[in-house]
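Structure record follows, encoded as structure tokens.
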Amino acid sequence: MVRDGGPSDRGTGDGVDSGTGGPVPATEVDGADPDTVRDAIETGEPLPGTAGFAGVVDGRLVRDVLGRRPLFVERADRSAWAFDPGALSDPVSVPAGTVTPLGDFPPDAPSGNDGSDAVWALPDPEPNGDDRDALRAVREAVLDRTRAVGVGSVSEAVDARDLDDVAVAFSGGVDSSVVAAGLPDAPCYVAGFEGCHDVAAAREAAEAMDRDLRVVELTHDDIRATVPRLAAATGRTNPMDLSIALPLYLVGERAAADGFDRLALGQGADELFGGYAKVEKAPEDPRVDADTVRGARRETLATIPEQVERDVVALRAAGIEPVAPLLHDDVVAAALELPGRLLVEGDQRKVALREAARDVVPESVRTADKKAVQYGTYVSRELDRLARRAGFKRRMENHVERYVRELVGDGPVRPPEDEAGGSGSGD
Numbered sequence: 001m002v003r004d005g006g007p008s009d010r011g012t013g014d015g016v017d018s019g020t021g022g023p024v025p026a027t028e029v030d031g032a033d034p035d036t037v038r039d040a041i042e043t044g045e046p047l048p049g050t051a052g053f054a055g056v057v058d059g060r061l062v063r064d065v066l067g068r069r070p071l072f073v074e075r076a077d078r079s080a081w082a083f084d085p086g087a088l089s090d091p092v093s094v095p096a097g098t099v100t101p102l103g104d105f106p107p108d109a110p111s112g113n114d115g116s117d118a119v120w121a122l123p124d125p126e127p128n129g130d131d132r133d134a135l136r137a138v139r140e141a142v143l144d145r146t147r148a149v150g151v152g153s154v155s156e157a158v159d160a161r162d163l164d165d166v167a168v169a170f171s172g173g174v175d176s177s178v179v180a181a182g183l184p185d186a187p188c189y190v191a192g193f194e195g196c197h198d199v200a201a202a203r204e205a206a207e208a209m210d211r212d213l214r215v216v217e218l219t220h221d222d223i224r225a226t227v228p229r230l231a232a233a234t235g236r237t238n239p240m241d242l243s244i245a246l247p248l249y250l251v252g253e254r255a256a257a258d259g260f261d262r263l264a265l266g267q268g269a270d271e272l273f274g275g276y277a278k279v280e281k282a283p284e285d286p287r288v289d290a291d292t293v294r295g296a297r298r299e300t301l302a303t304i305p306e307q308v309e310r311d312v313v314a315l316r317a318a319g320i321e322p323v324a325p326l327l328h329d330d331v332v333a334a335a336l337e338l339p340g341r342l343l344v345e346g347d348q349r350k351v352a353l354r355e356a357a358r359d360v361v362p363e364s365v366r367t368a369d370k371k372a373v374q375y376g377t378y379v380s381r382e383l384d385r386l387a388r389r390a391g392f393k394r395r396m397e398n399h400v401e402r403y404v405r406e407l408v409g410d411g412p413v414r415p416p417e418d419e420a421g422g423s424g425s426g427d
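Counted the way full-length UniProt numbering counts, the sequence shown spans residues 1 to 427.
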């Protein structure tokens with residue numbers, strides 16, 4: 001049985017069912033009914049009306065076109081699979097959009113060139129020439145999917161559960177605010193260091209929206225204690241991933257401690273609606289190859305599977321199940337038809353999403369700019385500060401990651417004195 005928002009069994013990683021001692025079921029799916037996935041395989045429909053799925057269907061590994069649910073195989077035993085990479089000794093991610101016979105997945109091949117059957121490709125429709133119609137489609141999809149998180153639906157709520165078990169990860173930006181608007185009774189959570197942008201913005205937005213805001217105040221001890229747990233859960237030690245995942249993890253941990261089972265996120269909004277500076281500045285920005293805003297947006301969509309793996313795994317390790325209504329197929333389909341001018345107009349990004357939020361969130365919130373989470377929470381800055389205090393100076397190559405690897409016990413244990421220039425505060 002698949003539980004809405006998460007797998008019923010996140011995998012043993014050894015090909016054996018932990019409950020029965022027998023073989024792993026031939027069909028076990030996280031995020032969708034198996035029949036829906038079977039139909040999508042048969043028809044090749046990449047957006048079959050789900051919020052993503054992953055698992056095994058009739059002996060085949062499956063992961064949806066945007067990789068919205070993580071799935072892994074064991075490098076040395078291709079028949080061993082799991083939703084949680086920590087269940088495997090050497091996990092390899094199953095690429096998004098493929099259907100692969102269980103046991104045949106070649107884990108040493110690069111993602112996207114793995115020899116599996118490419119069943120699903122992300123649609124690339126012509127832009128809708130009617131701006132009003134395009135905006136209407138986005139607004140309907142966004143509002144319907146955010147409200148559905150709190151009310152449930154027959155097609156998605158496979159297991160009976162309370163529908164007030166959800167909290168909102170909230171930063172005061174338009175993404176999380178439109179999600180919060182669909183869940184008017186859910187408490188909102190934000191994490192950050194004292195004086196940071198995200199906490200200040202969240203407080204202003206929560207006051208404007210008359211919402212219950214719970215602040216998770218971060219400290220250096222939180223970084224030192226949480227980085228090893230996150231690295232163990234996600235298998236990642238690069239500072240960027242950890243700086244993004246750490247505030248999310250601690251928000252999830254606090255919400256779980258408060259009794260909530262699910263955490264609603266604004267995940268996917270930047271990728272779908274043109275929220276990145278490199279999309280706004282295409283084709284001049286060297287970080288994208290595309291020569292149009294729509295093309296640059298499509299490049300950013302390709303980063304979703306890796307981001308989802310980090311965030312979903314981190315939140316599940318914190319004891320809570322993430323829900324991303326803005327990544328539902330309905331929202332994706334509407335966003336893909338947007339012309340470039342409804343993604344970026346002048347220096348305004350996420351034009352269509354901001355229009356969808358009109359009269360849904362206060363104007364000050366709808367139009368507000370927001371920093372990336374790693375900067376808005378000060379986590380990236382403070383992780384750098386801790387590294388320098390530990391003797392890992394900025395002139396050293398990858399100085400923050402070297403500090404992280406020391407924290408997780410994966411070396412280097414200490415920077416050489418002649419390279420680090422001695423110890424000290426580093427400030």
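Positions of the beta carbon are idealized from the N, C-alpha and C atoms, including for glycine.
Predicted, not measured: the structure shown is a model, and the values here were computed from it.
query: Thinking C-alpha only, which one of V56, P125, R136 is nearest D104?
result: Shortest Cα-Cα distance from D104 to any of V56, P125, R136 involves V56.
- prompt: Taking only runs of the alpha helix (DSSP H) that begin and end inside the stretch 135-197, which ones reach a length of at least 4 residues, in chain order?
  reply: Within the stretch 135-197, complete alpha helix (DSSP H) segments of at least 4 residues are found at 174-181, given in chain order.
query: Quick one, are the C-beta atoms of E355 and T303 less than 8 Å apart?
result: T303 is positioned such that its CB atom lies no closer than 8 Å to that of E355.
- prompt: Thinking C-alpha only, which one of H328, D35, L386, G67 is nearest L265?
  reply: The shortest CA-to-CA distance from L265 to any of H328, D35, L386, G67 is the one to H328.
message: Could you pull the DSSP bridge partners for G55 from this structure?
response: V29, V62.
- prompt: Looking at C-beta atoms only, is the number of pairs between the stretch 253-262 and the stretch 316-328 that lie closer than 8 Å three or more?
  reply: Verdict: yes, contact present.
query: S171 and K370: beta carbons closer than 8 Å?
result: In contact: S171 and K370 (Cβ atoms closer than 8 Å).
- prompt: Excluding sequence positions up to five away, which residues of its chain have a Cβ less than 7 Å from the Cβ of G421?
  reply: Only weak support exists for where G421 lies, its pLDDT of 36 falling under 50; the value from the coordinates is given anyway. K393, listed in sequence order.
task: Report yes or no: do the stretch 285-298 and the stretch 230-249 share at least 3 C-beta pairs separated by less than 8 Å?
output: Result no; under three Cβ-Cβ pairs closer than 8 Å.
- request: Identify whether F83 lies in helix, strand or coil by the three-state DSSP scheme.
  value: Note: F83 maps to coil in three-state DSSP.
query: Could you give the residue range of the alpha helix (DSSP H) that holds E397?
result: Looking at the DSSP string, E397 is not in any alpha helix (DSSP H), and its letter there is neither H nor E.
S243: first and last residue of the uninterrupted alpha helix (DSSP H) it sits in: Unbroken alpha helix (DSSP H) run through S243: 239-257.
query: If you draw a straight line from the C-alpha of I244 to the C-alpha of R381, how long is it?
result: CA-CA distance, I244 to R381, rounds to 12 Å.
- prompt: Taking the alpha-carbon positions, what's the R316 to A180 distance?
  reply: C-alpha separation (whole angstroms): 21 Å.
message: What would DSSP say about V119, mapped onto helix, strand or coil?
response: It is coil, neither helix nor strand.
- request: Would you give the residue range spanned by the beta strand (DSSP E) that E91 belongs to?
  value: Here the sequence assigns Pro to residue 91, which means Glu is not the residue at that position. 91-93 is the extent of the beta strand (DSSP E) around P91.
query: DSSP on D418, reduced to helix/strand/coil?
result: The predicted position of D418 is uncertain, since its pLDDT is 37 and thus under 50; no value can be drawn from it.
- request: Give the straight-line distance between the Cα atoms of E397 and P46, rounded to the nearest whole angstrom.
  value: Rounded to whole angstroms, the separation of the alpha carbons of P46 and E397 is 42 Å.
- request: Would you check if the stretch 133-151 and the stretch 294-314 touch, i.e. whether three or more CB-CB distances between them fall below 8 Å?
  value: As far as the Cβ criterion goes, the stretch 294-314 does not touch the stretch 133-151, which means the pair count is below three.
task: Could you give the DSSP three-state label for F260: helix, strand or coil?
output: If DSSP states are grouped into helix, strand and coil, F260 belongs with coil.
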